[in-house]
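Below you'll find the structure, written out as structure tokens, and then a few comments.
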Amino acid sequence: MGIAFRKTTFWGVAADLASCPPTDRPEIVFSGKSNVGKSSLINALADNRKLARVSATPGKTRTVVYFNVDDKLYFADLPGYGYAKASKDVKEKFNKLCDQYFVSGRKFSLVLHLIDIRHAPSKDDVRMLEYMNQSGIPYFLVFTKCDKLSKAQIRKQLIEFSKFLDFHDDAHCYAVSADNKFGIEELRNGIEEFLQDELKDSM
Ligand SMILES: Nc1nc2c(ncn2[C@@H]2O[C@H](COP(=O)(O)OP(=O)(O)OP(=O)(O)O)[C@@H](O)[C@H]2O)c(=O)[nH]1
Ligand SMILES: [Mg+2]
Numbered sequence: 001m002g003i004a005f006r007k008t009t010f011w012g013v014a015a016d017l018a019s020c021p022p023t024d025r026p027e028i029v030f031s032g033k034s035n036v037g038k039s040s041l042i043n044a045l046a047d048n049r050k051l052a053r054v055s056a057t058p059g060k061t062r063t064v065v066y067f068n069v070d071d072k073l074y075f076a077d078l079p080g081y082g083y084a085k086a087s088k089d090v091k092e093k094f095n096k097l098c099d100q101y102f103v104s105g106r107k108f109s110l111v112l113h114l115i116d117i118r119h120a121p122s123k124d125d126v127r128m129l130e131y132m133n134q135s136g137i138p139y140f141l142v143f144t145k146c147d148k149l150s151k152a153q154i155r156k157q158l159i160e161f162s163k164f165l166d167f168h169d170d171a172h173c174y175a176v177s178a179d180n181k182f183g184i185e186e187l188r189n190g191i192e193e194f195l196q197d198e199l200k201d202s203m
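Position 76 of the sequence shown, counting from 1, maps to 76 under the numbering used here, and the rest follow consecutively.
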């Protein structure tokens with residue numbers, strides 16, 4: 001049984017945990033630095049440019065934005081962290097929401113953690129991976145904006161990252177571009193395969 005990613009619709013926004021949807025379906029969380037391309041990736045997966053708001057100014061997303069995917073799962077678009085121009089107050093608010101989100105015991109099935117293929121992972125990325133490794137949170141690493149590099153450069157970057165990122169043995173890595181759709185179908189298939197059993201159980 002497949003997931004029709006094109007049947008993705010806006011569900012709503014949550015400024016706190018109480019307004020998140022019921023945990024009745026698998027939830028996929030998009031995390032990563034501001035401007036890394038979380039909202040663009042959601043649009044690429046759904047094949048709908050108008051779905052998630054892509055920021056002209058980074059750091060705009062300040063709430064968790066939920067999408068209903070084919071009435072089978074949710075996508076949760078988290079606020080990006082580490083945006084330098086956000087005030088301290090705003091930054092703390094983001095962090096609180098993100099931290100709460102991860103420690104709340106809220107059930108989520110998979111985190112897609114996004115890293116720009118062109119730049120070395122930040123301290124926050126490393127911290128996030130350590131946290132997910134320690135807590136046994138399932139994640140895929142998704143390297144974004146691959147249209148900016150050649151295939152050879154992409155391979156080189158992936159090898160470079162694997163030297164200092166503590167990849168889980170079974171970590172899934174994807175290289176994608178929301179711009180030219182490189183790797184998007186592979187990621188859809190990866191998500192589908194990963195959720196197969198959970199979706200079967202919930203039917
Ligand atoms: N070249 C290229 N640009 C991209 C790609 N994905 C996103 N962008 C651009 O990167 C910028 C940020 O994209 P968003 O999708 O808004 O990033 P975000 O992670 O949701 O940002 P926040 O909501 O601020 O956390 C936009 O200008 C996008 O057009 C990509 O695959 N290739
Ligand atoms: Mg966004």
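Idealized CB from N, CA, C, for every residue including glycine.
6 Å CB neighbourhood of residue i in its chain, flanking five on each side removed
i: residue 173; result: 141
i: residue 54; result: 39 and 40
i: residue 204; result: Any answer about residue 204 is impossible in this case: the structure gives the chain only from 1 up to 203.
i: residue 19; result: none
i: residue 193; result: none
Residue from the options whose Cα sits closest to the Cα of residue i
i: residue 131; options: 43, 102, 163 and 37; result: 102
i: residue 47; options: 195, 193, 199 and 188; result: 188
i: residue 71; options: 9, 19 and 36; result: 9
i: residue 113; options: 201, 35, 129 and 184; result: 129
i: residue 120; options: 152, 52 and 36; result: 36
i: residue 5; options: 19, 51 and 23; result: 51
i: residue 23; options: 34, 30 and 76; result: 76
i: residue 30; options: 134, 199, 139 and 135; result: 139
i: residue 133; options: 165, 198 and 159; result: 165
Beta-bridge partners of residue i, as assigned by DSSP
i: residue 76; result: 29 and 66
i: residue 142; result: 114 and 174
i: residue 13; result: 65
i: residue 8; result: 69
8 Å Cβ shell around residue i - same chain, five flanking residues per side excluded
i: residue 63; result: 13, 14, 15, 79 and 97
i: residue 181; result: 44
i: residue 149; result: 117, 118 and 157
i: residue 74; result: 11, 21, 25, 26, 27, 28, 66, 67 and 68
i: residue 201; result: none
i: residue 104; result: 17
i: residue 49; result: 43
i: residue 159; result: none
Sub-9 Å separation of residue i and residue j beta-carbons
i: residue 32; j: residue 125; result: yes
i: residue 146; j: residue 176; result: yes
i: residue 195; j: residue 3; result: yes
i: residue 137; j: residue 161; result: no
i: residue 115; j: residue 144; result: yes
i: residue 106; j: residue 17; result: yes
Contact set for residue i: own chain, Cβ-Cβ below 7 Å, skip 5 residues either direction
i: residue 186; result: 174
i: residue 184; result: 44, 45 and 176
i: residue 154; result: 117, 146 and 175
i: residue 198; result: 26 and 109
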